[in-house]
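J.: Protein sequences appear in the order of chains A and B.
The numbering used here applies: residue 5 is where the first sequence begins, and numbers increase by one.
The numbering used here applies: residue 5 is where the second sequence begins, and numbers increase by one.
Protein chains: 2
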Amino acid sequence: MKVIETVDEMRRLRRTLAGPVGFVPTMGYLHEGHLSLVKRAREDNATVVVSIFVNPTQFGPCEDLEDYPRDIKRDLTMLEELDTDVVFMPPPDEIYPPQFNTWVEVTGLTERLEGAARPTHFRGVTTVVAKLFNIVQPTRAYFGQKDAQQAIVIQKMATDLNMGLDVIVCPTIREHDGLAMSSRNIYLTPEQRRSATVLSQSLKMAERLWTDGERNAEHIRSEMRQFIERQPEGQIDYISVADTLTLEELDTITSAALVSLAVRFGKTRLLDNVVLRPYQGK
Amino acid sequence: MKVIETVDEMRRLRRTLAGPVGFVPTMGYLHEGHLSLVKRAREDNATVVVSIFVNPTQFGPCEDLEDYPRDIKRDLTMLEELDTDVVFMPPPDEIYPPQFNTWVEVTGLTERLEGAARPTHFRGVTTVVAKLFNIVQPTRAYFGQKDAQQAIVIQKMATDLNMGLDVIVCPTIREHDGLAMSSRNIYLTPEQRRSATVLSQSLKMAERLWTDGERNAEHIRSEMRQFIERQPEGQIDYISVADTLTLEELDTITSAALVSLAVRFGKTRLLDNVVLRPYQGK
Chain A
5 MKVIETVDEM RRLRRTLAGP VGFVPTMGYL HEGHLSLVKR AREDNATVVV SIFVNPTQFG
65 PCEDLEDYPR DIKRDLTMLE ELDTDVVFMP PPDEIYPPQF NTWVEVTGLT ERLEGAARPT
125 HFRGVTTVVA KLFNIVQPTR AYFGQKDAQQ AIVIQKMATD LNMGLDVIVC PTIREHDGLA
185 MSSRNIYLTP EQRRSATVLS QSLKMAERLW TDGERNAEHI RSEMRQFIER QPEGQIDYIS
245 VADTLTLEEL DTITSAALVS LAVRFGKTRL LDNVVLRPYQ GK
Chain B
5 MKVIETVDEM RRLRRTLAGP VGFVPTMGYL HEGHLSLVKR AREDNATVVV SIFVNPTQFG
65 PCEDLEDYPR DIKRDLTMLE ELDTDVVFMP PPDEIYPPQF NTWVEVTGLT ERLEGAARPT
125 HFRGVTTVVA KLFNIVQPTR AYFGQKDAQQ AIVIQKMATD LNMGLDVIVC PTIREHDGLA
185 MSSRNIYLTP EQRRSATVLS QSLKMAERLW TDGERNAEHI RSEMRQFIER QPEGQIDYIS
245 VADTLTLEEL DTITSAALVS LAVRFGKTRL LDNVVLRPYQ GK
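(1) Mind checking the segment 153 to 172 of chain A against chain B and listing, in chain order, the residues whose C-beta falls within less than 7 Å of any C-beta there?
(2) Are the beta-carbon atoms of I139/B and N166/A separated by less than 7 Å?
(3) Just by C-beta distance, which residues in the segment 121 to 134 of chain B are closer than 9 Å to chain A?
(4) Compare the C-beta of N105/B with all C-beta atoms of chain A and state if any pair is closer than 7 Å.
(5) Following the continuous beta strand (DSSP E) through I99/A, name the residue where it begins and the one where it ends.
(6) Note the first and the last residue of the continuous beta strand (DSSP E) segment covering P29/B.
(7) Please work out which residues of its chain come closer than 6 Å, Cβ to Cβ, to V171/A, disregarding the five sequence neighbours upstream and downstream, and give them in chain order.
(8) Do V52/B and D89/B count as a contact pair if the criterion is CB distance below 7 Å?
(9) What does DSSP give as the partner residues of R268/A in its beta bridges?
(10) Would you list the residues sitting across from F92/B in a DSSP beta bridge?
(11) Taking the beta carbon of I243/A as the centre, do at least 16 other beta carbons fall within 10 Å, making it buried, or is it exposed?
(12) Can you tell which of K150/B, G168/B, R198/B, T30/B has its C-alpha closest to the C-alpha of V132/B?
(13) Would you say I139/A lies against chain B (beta-carbon separation less than 7 Å)?
(14) For P24/A and D68/B, what's the separation of their Cα atoms in angstroms?
(15) Compare the Cα-Cα distances from D241/A to each of T272/A, D216/A, Q141/A and report the closest residue.
(16) Going along the chain, which unbroken runs of the alpha helix (DSSP H) with 4 or more residues stay wholly within the segment 150 to 216 of chain B?
(17) Of all the options L262/A, T250/A, G112/A, which has the alpha carbon lying nearest to the alpha carbon of L275/A?
(18) Less than 8 Å between the CB atoms is what I'm expecting for D87/A and F104/B, so what's the real figure, rounded?
(19) Please compile the residues from chain A whose C-beta is within a distance smaller than 7 Å of the C-beta of T111/B.
(20) Less than 7 Å between the C-beta atoms of G37/A and G148/A, yes or no?
(21) Identify the contact partners of V11/A in chain B, using a Cβ-Cβ distance below 8 Å as the criterion.
(22) Under the assumption that S40/B contacts F92/B (Cβ atoms under 8 Å), give the Cβ distance between them as a whole number of angstroms.
(23) Mapping the DSSP letters down to three states, classify D79/B as helix, strand or coil.
(24) I need the boundaries of the alpha helix (DSSP H) containing F104/A, first residue and last residue.
(25) Considering just the uninterrupted stretch of the beta strand (DSSP E) at G64/B, what are its terminal residues?
(26) List, in chain order, every chain B residue whose beta-carbon is nearer than 7 Å to that of R15/A.
(27) Does K286/B come out as helix, strand or coil in the three-state DSSP assignment?
(28) Using 8 Å for Cβ pairs, my map puts F57/A next to I99/A. What's the rounded Cβ distance?
(29) Looking at the unbroken beta strand (DSSP E) that takes in G148/B, where does it start and where does it end?
(30) How many whole angstroms separate the CB atoms of R18/A and Q141/A, which I take to be in contact at a CB cut-off of 8 Å?
(31) Would you report the Cα separation of D71/B and E237/B, rounded to the nearest angstrom?
(32) Give a yes or no on whether 7 Å exceeds the smallest Cβ distance from F63/B to chain D.
(33) Strictly by DSSP, which residues pair up with R114/B?
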């Protein structure tokens, strides 16, 4: 496994790779969710590149950039075990030199949900991902369904800017009690950790309502809200039932819908989602 | 010479090209300025790709998109004569499909000079050039010094987003009386055409002042302004003596400086510039 820290060296190495390259961009502090992406990339491609870069531009001024959990040694061990070929882990000023001044922005989509709560977040995400795509030049790039809006925004960017690669979205990986894996879960107190299962439970309830024929989106939102408010810990940021492409809130569910929510436990904001998808036959 | 109209076909053809690819993006209605770029690309590369695309997103709402001059047949004949390999001329909705929503923007630099006069212009330029770069994947891309700020903005974008290609800026090509070649020169009435030589003449004057030791930028601007105002036709939009990298206006010229101006003749806005560059030795 090669560990590379500069853009120039990554570019040089990329030129020597002939077959398909699978790429998993991460901010490190890897968990089973990230590892599932690496495994999938390993199955699909001749070469697997994983980046570890805590991207400052996607954090807001009052967010947890400084405190974001890091454990490079453990990350590298885990990636080595999965037969990763290349780890690209540049220092911040290799990606953002002092005069850096260019941004990639998906409009519309990014103003909703997470974008409404974190106004410059997606601009930071799309800019760094565009840069990483240009440096690594992957054939396929892998993202988790857990950050559903991020995956949709990146797919939109890749399509709109003709990036010529496949953006592949892999299923959310969960703890045994249903909590979606996230590097931020370690911030939770034991009590918050127990309460945090309301996210996945409320989504299961939404699925059940939908399977039973409920098509009124506001009814689903309101049932979820009541369910979550029954426990005292979590503060709801949003509960959304939206179109899977435009992320516009729905009144009536007529085709696929993304049910997503953000709930704060103290300073920790947790996300989760499920897609309600009509049965398409075989 | 292959003429290609779809992104997919351009991409397929690109995969078959082994050596360096030189790329000249144009809006068509080619003149000697464009052709000098194609000739240079021909010298430097195994394959030469020229695009012809009148990019709607770089025109303001009151600008000349509909009237922009077009003569595809003549363009293709000229390109064939220069041994161009590929002409990529997509229709507008191939580049901007209905749901298009992603923008590439260089900040700072683009707020000055042309950007101050045309607020969404450079966002349109950088977005379409980023898309064309992703589609054509050139080794080298060629731009004219005539649009000096555009060249600087594109170089900045390519660097900031790690596009991994060389942006090469070629000298301005001029008519016999000094007028910089531009597709928009055909809009000029005969009288305006005669007056339009004040742009290059005022730049020659600036060069002369500088060669004679003048380092006060405001003095140079004011001499140019007086010179241009002596003829009644042209309305000055701006006269600038600026840093060649940041485009910040200078008080005193201490190293290289970009002297640039925009002058309106009726509805036609003409640009020209010269770089004052200290003698570097051999």
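We put the beta carbon where it would ideally sit given N, CA and C, even for glycine.
Predicted, not measured: the structure shown is a model, and the values here were computed from it.
T.: Judging by the given coordinates:
(1) K160, M161, D164, L165, N166, M167, G168
(2) The count along the second sequence starts at 1 and reaches residue 139/B at position 135. The count along the first sequence starts at 1 and reaches residue 166/A at position 162. In this structure, the beta-carbon distance from I139/B to N166/A falls below 7 Å.
(3) T130, T131, A134
(4) Walking along the second sequence from the start, residue 105/B turns up at place 101. Closer than 7 Å to some Cβ of chain A, the Cβ of N105/B qualifies, so yes.
(5) Translated into the one-based positions of the first sequence, residue 99/A becomes position 95. Run containing I99/A: none in the beta strand (DSSP E); it sits in the alpha helix (DSSP H), 96 to 99.
(6) The residue given as residue 29/B occupies position 25 in the second sequence. Here the beta strand (DSSP E) through P29/B covers 25 to 30.
(7) Here residue 171/A refers to the residue found at position 167 when the first sequence is read from its first residue. Cβ neighbours of V171/A beyond the five flanking positions: A145, I158, Q159, A162.
(8) As a working note, residue 89/B is residue 85 in the second sequence. As a working note, residue 52/B is residue 48 in the second sequence. Going by C-beta atoms, D89/B is nearer than 7 Å to V52/B.
(9) Indexing the first sequence from 1 puts residue 268/A at position 264. Answer is Q239/A, R273/A, bridged to R268/A.
(10) Along the second sequence, one-based indexing puts residue 92/B at 88. Partner(s): I8/B, S55/B.
(11) Locating residue 243/A in the first sequence gives position 239, where the first residue counts as 1. The residue in question, I243/A, is buried, as its Cβ has 16 or more Cβ neighbours within 10 Å.
(12) Stepping through the second sequence from its first residue, residue 132/B is reached at position 128. When only C-alpha atoms are compared, the closest one is T30/B.
(13) Walking along the first sequence from the start, residue 139/A turns up at place 135. True, the Cβ-Cβ gap to chain B drops below 7 Å.
(14) Counted from its first residue, the first sequence places residue 24/A at position 20. Counted from its first residue, the second sequence places residue 68/B at position 64. It is roughly 44 Å from the alpha-carbon of P24/A to the alpha-carbon of D68/B.
(15) For the purposes of this step, residue 241/A is identified with residue 237 of the first sequence, where counting begins at 1. Of T272/A, D216/A, Q141/A, the residue nearest in Cα terms is T272/A.
(16) Listed in chain order, the complete alpha helix (DSSP H) runs (minimum 4 residues) inside the segment 150 to 216 of chain B are 152 to 164, 194 to 199, 202 to 215.
(17) In the first sequence, residue 275/A corresponds to position 271, counting from 1. Ranking the options by Cα distance to L275/A, first place goes to L262/A.
(18) Residue numbering aside, residue 87/A sits at position 83 when the first sequence is read from its first letter. Residue numbering aside, residue 104/B sits at position 100 when the second sequence is read from its first letter. 39 Å between Cβ atoms; not a contact.
(19) Working through the second sequence from its first residue, we reach residue 111/B at position 107. In chain order: N105, W107.
(20) Taking the first sequence and counting its residues from 1, one reaches residue 37/A at position 33. Taking the first sequence and counting its residues from 1, one reaches residue 148/A at position 144. Yes; because the gap between Cβ atoms is below 7 Å, this pair is in contact.
(21) Residue mapping note: residue 11/A aligns to position 7 of the first sequence, counting from 1. Those are N166, listed as they occur along chain B.
(22) Within the second sequence, residue 40/B is the residue found at index 36, counting from 1. Within the second sequence, residue 92/B is the residue found at index 88, counting from 1. Rounded to the nearest angstrom, the Cβ distance from S40/B to F92/B is 20 Å, too far for a contact under 8 Å.
(23) As a working mapping, residue 79/B is identified with position 75 in the second sequence. Note: D79/B maps to helix in three-state DSSP.
(24) Walking along the first sequence from the start, residue 104/A turns up at place 100. Element bounds for F104/A: n/a, residue is neither H nor E.
(25) Numbered from its first residue, the second sequence carries residue 64/B at position 60. From DSSP, G64/B is part of no beta strand (DSSP E); its letter is neither H nor E.
(26) Mapped onto the first sequence, residue 15/A falls at position 11. Under the 7 Å cutoff, chain B gives G168.
(27) Against the second sequence, residue 286/B aligns to sequence position 282. With a pLDDT of only 49 at K286/B, under 50, the local geometry of the prediction cannot be trusted, and the value read off the model is given with reservation. In this structure, K286/B counts as coil in the three-state DSSP scheme.
(28) Reading the first sequence from its first residue, position 53 is the one you call residue 57/A. Reading the first sequence from its first residue, position 95 is the one you call residue 99/A. With a Cβ gap of about 6 Å, F57/A and I99/A count as contacting.
(29) Here residue 148/B refers to the residue found at position 144 when the second sequence is read from its first residue. G148/B -> beta strand (DSSP E) spans 144 to 148.
(30) The sequence position of residue 18/A within the first sequence is 14, counting from 1. The sequence position of residue 141/A within the first sequence is 137, counting from 1. Yes, R18/A and Q141/A are in contact; Cβ-Cβ is about 6 Å, under 8 Å.
(31) By 1-based counting over the second sequence, the position of residue 71/B is 67. By 1-based counting over the second sequence, the position of residue 237/B is 233. Spanning the two alpha carbons is a distance of roughly 22 Å.
(32) Within the model displayed, chain D is absent; protein chains A and B are what it includes.
(33) To locate residue 114/B, count along the second sequence from 1; it is residue 110. Note that residue 114/B is Thr in the sequence shown here, rather than Arg. Paired residue(s): none; T114/B is not in a bridge.
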